[in-house]
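So the sequence lines, in the order shown, correspond to chains A and B.
First residue of the first sequence? That's 4 in my numbering, and the numbers climb one at a time after it.
First residue of the second sequence? That's 4 in my numbering, and the numbers climb one at a time after it.
All residues carry an ideal CB built from backbone N, CA and C; glycine is no exception.
Quantities reported herein were computed from a predicted structural model and do not represent experimental measurements.
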Amino acid sequence: MNTNKKIVLACIDGSALTNAVCDYSAWIAQRVDVPLKLLHTIDHHHEKAANTDLSGNIGMDSREHLLEDMADQEQEQSKIRLQQGKVVLAEAKERAIQAGITDPLTRLQHGNLLESLSDIEQDIRVLVIGARGKQHEDQENEIGAKIDALIRSLHRPILVAYEAFKTPEQIMIAYDGSEAADKAVDMVATSPLYKGLVCHLVCVSKKDSSGTLLEQAASKLRAAGDIEIITASLQGKAEEELCTYQSTHNIDMTIMGAFSHTRLHDILLGSFTHKMLLKTKKPLLLLR
Amino acid sequence: MLLLSKKQDWLGNVRGDLLAGTVVALALIPEAIAFSIIAGVDPKVGLYASFCIAVITALIGGRPGMISAATGAMALLMVTLVKDHGLQYLLAATLLTGVFQIIAGYLKLGSLMSFISRSVVTGFVNALAILIFMAQLPELTNVSWHVYAMTAGGLGIIYLFPYVPFIGKSIPSPLVCITVLSGLAVYLQLDIRTVGDMGELPDTLPIFLWPEVPLNLETLKIILPYSLPLAVVGLLESLMTATIVDDLTDTSSDKNRECKGQGIANIGAGLLGGMAGCAMIGQSVINVKSGGRGRLSTMVAGVFLLIMVVFLDEWIKQIPMAALVAVMIMVSIGTFSWGSIIDLKHHPLSTNIIMLSTVTVVVWTHNLALGVFVGVLLGALFFANKISHFMYVESSFDEPTDTRSYEVVGQVFFNSADKFTNSFDFKEAVSKVVIDLQRAHFWDISSVGALDKVVIKFRREGAEVEVIGLNEASTTIIDRFGVHDKPEEIEKVMGGH
Chain A
4 MNTNKKIVLA
14 CIDGSALTNA
24 VCDYSAWIAQ
34 RVDVPLKLLH
44 TIDHHHEKAA
54 NTDLSGNIGM
64 DSREHLLEDM
74 ADQEQEQSKI
84 RLQQGKVVLA
94 EAKERAIQAG
104 ITDPLTRLQH
114 GNLLESLSDI
124 EQDIRVLVIG
134 ARGKQHEDQE
144 NEIGAKIDAL
154 IRSLHRPILV
164 AYEAFKTPEQ
174 IMIAYDGSEA
184 ADKAVDMVAT
194 SPLYKGLVCH
204 LVCVSKKDSS
214 GTLLEQAASK
224 LRAAGDIEII
234 TASLQGKAEE
244 ELCTYQSTHN
254 IDMTIMGAFS
264 HTRLHDILLG
274 SFTHKMLLKT
284 KKPLLLLR
Chain B
4 MLLLSKKQDW
14 LGNVRGDLLA
24 GTVVALALIP
34 EAIAFSIIAG
44 VDPKVGLYAS
54 FCIAVITALI
64 GGRPGMISAA
74 TGAMALLMVT
84 LVKDHGLQYL
94 LAATLLTGVF
104 QIIAGYLKLG
114 SLMSFISRSV
124 VTGFVNALAI
134 LIFMAQLPEL
144 TNVSWHVYAM
154 TAGGLGIIYL
164 FPYVPFIGKS
174 IPSPLVCITV
184 LSGLAVYLQL
194 DIRTVGDMGE
204 LPDTLPIFLW
214 PEVPLNLETL
224 KIILPYSLPL
234 AVVGLLESLM
244 TATIVDDLTD
254 TSSDKNRECK
264 GQGIANIGAG
274 LLGGMAGCAM
284 IGQSVINVKS
294 GGRGRLSTMV
304 AGVFLLIMVV
314 FLDEWIKQIP
324 MAALVAVMIM
334 VSIGTFSWGS
344 IIDLKHHPLS
354 TNIIMLSTVT
364 VVVWTHNLAL
374 GVFVGVLLGA
384 LFFANKISHF
394 MYVESSFDEP
404 TDTRSYEVVG
414 QVFFNSADKF
424 TNSFDFKEAV
434 SKVVIDLQRA
444 HFWDISSVGA
454 LDKVVIKFRR
464 EGAEVEVIGL
474 NEASTTIIDR
484 FGVHDKPEEI
494 EKVMGGH
């Protein structure tokens, strides 16, 4: 895998979490030594009509006039948003430079965030995004409307930031013995991101076999070296237990596989990832 | 697959779509009735068609927010079929039209639209506007002065009502026109023609019917000459309209899906007793202007139209034809590209000829497909003619070796082949001739034939002939252009020009 060209991509929108997103992405970029790119998209919502004229008639060249009017209106709005976007990016860039990134890339792009990300997916090493965008800024218990769909459609590690940055020292892997969880363990074992951190390997399960699986995973991680492993087996409701563990053990970041089930399963039974996204207060690194 | 659509296509603009759909439905009713009258069928045929086509294209069309229903372009093509063979054959032809359009969708013929130049599109809409206007003339000849007064008054209401403060922009002016004129006609008890005189209106929901035609070759022979142009015109107008809506809303659409959608919509219309239809330029513009963007607007337009005509049929019967004529004149004015008349002054002559020929042929034959065909053909010929000017031959003479060298630069193809041949001086007596083709492009077999001719002529005059760079020059002959699509490949072939 050619990781040299890949980038850490920070999705920023100027909301409260923008600084956290900047800091986390800068931290990751420095640790894995790849360039950092700051992305801001201007979504135009063309599916929504700006104004309505119900007079229902068409006159001479109304097609041309309508186009002209709509273009004029959108130009004004777009100019403002373009300006705002530039400011947001400039501030983020400044912050990233202060965090120690020598030359952060910036990109201002028109269009839907999800589509823009899908287009450059192959260049992304890690994506960093805030849990809430502008629309849900004040709703502490909500997550952004796009987060779910975004995580589902991108097959890259995604860090979801919830609060201001705190340099991760203790991290937790939510381990359930599943294929996705094993993959997560493998990725942690091979990535330079986690070197020198304390890693809690936590399993919430009723099964007896989980203990041995946990040990296997732990030894795999230990073999990778330079990472301190603490294992814990818990019982109860997974998302609640994990969040309690998070706060009692000062976990700074939680790593887990995401959306490993089919969409139908999730619609019927609810998705664990979604529950975690809603419940957690600490950054969540989702591995796919 | 066809049913898959994004949630935002349906629910991204609910309020705007509901309002716009309602406005469009109100405008669709007079149009559907008027186009049924053009085609020579009962108004219910056009109304059922409009309902069915609008609903189906809302569900599966490729362009959210575009309005499709019974249209004038299609109605004009079916006049003689209805006159000679009756409604049932029209329904059968409608089914076949749908089948052709679905096939076109799967063959991705939507991309052929790129051959239709801007001038042809302008000619198409102008011709359509003229035909819609002309179709109103029978309602305006041999009638009492009341009709003229009402039509003029109706147009006045349509264009002036929006300037009324507060309510002007929230009540569709065509609706005001129809209501006022109907009220006036009833109140004054005027003896003028009304919609009720034009044939049956729908009094029930549409029912599923298989056209009562014998399933044999004879039937096919009758309907095929109608179905093909119907399919072509339907797709042309639909794809043109889709492009217009794309531009207006700054979004993109799936043209091939639209072809399939139109086809299925026409099959649905044929089975529910409706005539063939397609997308409507005027109505789609009204929809966008009214704030319609999503699939919901088209769906609302269709459903609301049906509800209104089924439950208000007693009222609709009383609408005077003059009101309808006023609405249709508005549609005609709104469809015509008035800017194109001013553009005639500063557009190149070839462009003007293409536009005007398209209009002339359509107005003369009442067949938009023929007009577009003529326009595209002329466009291709003018283009070939222009490109043929991009060829010249330079020559130099080398005394010591008695050699005449010709260097050919530019495009050699069927149209410039004669010019190519005439560029050589066969009268000059030299012992050697060098023809350098390194900067020339041979586009077809005609150009190779012309070169052969030149070489043979020189040899007959006793000269030794050397041709340089034939391989490079003829790389452009091949039909598989896929390999040349990369910039560096194009540079290799076209380099130096």
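*asked:* In whole angstroms, give me the CA-to-CA distance for Leu108(A) and Leu41(A).
replied: Whole-angstrom Cα-Cα distance: 6 Å.
*Check Pro323(B) in the structure and name its three-state DSSP category.*
Pro323(B) falls in the strand class under three-state DSSP.
*Taking all protein chains shown into account, decide if Trp446(B) is buried (16 or more other Cβ within 10 angstroms of its Cβ) or exposed.*
That one is buried.
*Can you give me the start and stop residues for the beta strand (DSSP E) that Thr109(A) sits inside?*
Where Thr109(A) is concerned, the enclosing beta strand (DSSP E) stretches over Leu108 to His113.
_Contact criterion: CB-CB distance below 8 Å. Does Arg266(A) meet it with respect to chain B?_
Residue-level contact check: Arg266(A) does not touch chain B, since none of the beta carbons of chain B fall below 8 Å from its beta carbon.
*Report buried or exposed for Glu261(B), applying the criterion of at least 16 other Cβ atoms within 10 angstroms of its Cβ.*
When all chains shown are included, Glu261(B) counts as buried.
*asked:* So for Phe429(B), helix, strand or coil by DSSP?
replied: Reduced to three states, the DSSP call for Phe429(B) is coil.
*Does DSSP put Thr368(B) in a helix, a strand or coil?*
Thr368(B): helix per DSSP, three-state reduction.
*Could you name the residues of chain B that Ile150(A) contacts, counting a contact when the two beta carbons are closer than 7 Å?*
Neighbours of Ile150(A) on chain B: none; closest Cβ ~16 Å, over 7 Å.
*Does the beta carbon of Ser81(A) come closer than 8 Å to any beta carbon on chain B?*
By this cut-off, Ser81(A) is not an interface position.
_With three or more C-beta pairs closer than 8 Å as the rule, is the stretch 139-153 of chain B touching the stretch 318-327 of chain B?_
With the cut-off at 8 Å, the stretch 318-327 of chain B and the stretch 139-153 of chain B touch.
_Beta-carbon gap between Tyr165(A) and Leu204(A) smaller than 8 Å_ = No.
_Residues near Leu130(A) by beta carbon distance below 6 Å, same chain, minus five either side_ = Excluding the 5 residues flanking it on each side, Leu130(A) has same chain C-beta neighbours closer than 6 Å at Leu12, Arg159 and Ile161, in chain order.
_Would Tyr197(A) and Ile174(A) qualify as a contact pair, given that the criterion is a beta-carbon distance under 8 Å?_
Going by C-beta atoms, Tyr197(A) is nearer than 8 Å to Ile174(A).
_Per DSSP, the bridge partner or partners of Ala95(A)_ = The partner list for Ala95(A) (beta bridge, DSSP) is empty, contrary to what the question assumes.
_Alpha carbons only, please: which of Ile170(B), Pro175(B) and Phe169(B) is nearest the one belonging to Gly157(B)?_
Comparing C-alpha distances from Gly157(B) to each of Ile170(B), Pro175(B) and Phe169(B) shows the shortest one belongs to Pro175(B).
*Does the distance from the C-beta atom of Ile258(A) to that of Leu290(A) stay below 8 Å?*
Yes.
*Beta carbon of Met278(B) nearer than 8 Å to that of Ala52(B)*: With respect to the 8 Å criterion, Met278(B) and Ala52(B) are classified as neighbours on the basis of their beta carbons.
_Looking at chain A, is there any beta carbon in it that lies within less than 8 Å of the beta carbon of Ser71(B)?_
Not one chain A Cβ lies under 8 Å of Ser71(B).
_I'd like to know if Gln138(A) contacts chain B, where contact means its C-beta is closer than 8 Å to some C-beta of that chain._
No - not a single Cβ of chain B is within 8 Å of the one on Gln138(A).
*Going along the chain, which residues of the stretch 333-367 of chain B sit with their C-beta nearer than 8 Å to a C-beta in chain A?*
Residues passing the 8 Å Cβ filter: Met333, Val334, Ile336, Gly337, Thr338, Phe339, Ser340, Trp341 and Gly342.
*Would you give the residue range spanned by the beta strand (DSSP E) that Lys210(A) belongs to?*
Lys210(A) -> no beta strand (DSSP E), and no H or E assigned at all.
*asked:* Looking only at its chain, what residues have a beta carbon closer than 7 Å to the beta carbon of Leu291(B), apart from the 5 residues adjacent to it on each side?
replied: Correcting the residue type first, residue 291(B) is Val in the shown sequence and not Leu. Gly68, Val248, Leu251 and Thr252.
*Go ahead and pull the three-state DSSP assignment for Tyr166(B).*
Tyr166(B) falls in the helix class under three-state DSSP.
_Rounded to whole angstroms, what is the Cα-Cα separation between Cys55(B) and Leu274(B)?_
Going by the C-alpha atoms only, they are around 10 Å apart.
*Determine the burial state of Tyr395(B): buried for a count of at least 16 other Cβ atoms within 10 Å of its Cβ, exposed for fewer.*
So Tyr395(B) ends up on the exposed side.
*According to DSSP, is Asp229(A) helix, strand or coil?*
Asp229(A) falls in the coil class under three-state DSSP.
*Could you check if Arg98(A) is buried or exposed, using at least 16 other CB atoms within 10 Å of its CB as the buried criterion?*
Within 10 angstroms of the beta-carbon of Arg98(A) lie 16 or more other beta-carbons, which makes it buried.
_Using a Cβ-Cβ cutoff of less than 7 Å, which residues in the same chain neighbour Ile105(B) once the five nearest sequence positions on both sides are dropped?_
The answer, listed in chain order, is Lys263, Gly266 and Ile267.
*Taking only beta-carbon positions, decide if Asp250(B) is within less than 8 Å of chain A.*
Yes, Asp250(B) lies at the interface with chain A (some Cβ there is under 8 Å from its Cβ).
*Rounded to whole angstroms, what's the CA-CA distance from Asp189(A) to Lys223(A)? Just pull it up for me.*
Asp189(A) and Lys223(A) have their alpha carbons spaced roughly 8 Å apart.
*For Ser399(B), which residues from the same chain have a beta carbon less than 6 Å from its beta carbon, with the 5 sequence-adjacent residues on both sides left out?*
Within the same chain, Ser399(B) has close Cβ partners Ser408.
*asked:* For Leu178(B) and Phe211(B), what's the separation of their Cα atoms in angstroms?
replied: Going by the C-alpha atoms only, they are around 31 Å apart.
*Pick out whichever of Asp316(B), Ser293(B), Lys389(B) and Val123(B) has its Cα sitting closest to the Cα of Leu373(B).*
If we check each option's Cα against that of Leu373(B), Val123(B) comes out closest.
*Are the stretch 17-27 of chain A and the stretch 131-146 of chain A touching, with three or more C-beta to C-beta distances below 8 Å?*
When C-beta atoms of the stretch 17-27 of chain A are compared with those of the stretch 131-146 of chain A, three or more pairs fall below 8 Å, so the two segments count as touching.
*asked:* Just to make sure I have the definition right: I need the residues of chain A whose C-beta is within less than 7 Å of the C-beta of Pro33(B). Which are they?
replied: Result: empty, since nearest Cβ-Cβ is about 11 Å, beyond 7 Å.
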